[in-house]
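Student: Residue numbers (the working numbering): 425 to 535.
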């Protein structure tokens with residue numbers, strides 16, 4: 425859920441931390457990468473209005489933006505090719521095709 429922008433050029437998005445099962449509220453500052461134009465997480469901070477953590481984050485939660493913006497993360501859905509299970513033979517598919525495959529057969533669509 426987008427909230428008011430903190431800095432010029434960024435958008436603040438309220439969400440839930442994905443590191444553990446506690447469900448702490450975080451606010452991610454989302455910026456556009458000037459080179460590619462893609463959105464990226466620039467900063468993570470605690471959501472002061474969230475009833476679980478009231479704005480406080482653990483070390484893992486406070487580094488969420490670093491994890492989300494790390495190089496090497498998948499930018500498109502990957503679907504296993506016709507090769508044997510566990511092989512590195514993977515093909516890129518459009519995101520909607522990857523989601524459709526996961527919905528049809530969740531066990532096969534895992535990477």
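C-beta atoms are modelled at their ideal positions from N, C-alpha and C, and glycine is treated no differently.
My output table needs one value for residue 467: the three-state DSSP class, helix, strand or coil.
Tutor: Secondary structure of residue 467 (DSSP, three-state): strand.
Student: Give the straight-line distance between the Cα atoms of residue 442 and residue 457, rounded to the nearest whole angstrom.
Tutor: Taking the straight line from one Cα to the other gives about 23 Å.
Student: According to DSSP, is residue 453 helix, strand or coil?
Tutor: strand
Student: By the three-class DSSP mapping on this structure, what secondary structure does residue 494 have?
Tutor: coil
Student: Comparing alpha-carbon positions, which option in 480, 464, 447, 468 lies nearest residue 495?
Tutor: 464
Student: Near residue 455, which residues of its chain fall below 7 Å by C-beta distance, leaving aside the five closest residues on each side in sequence?
Tutor: 433, 434, 464, 466
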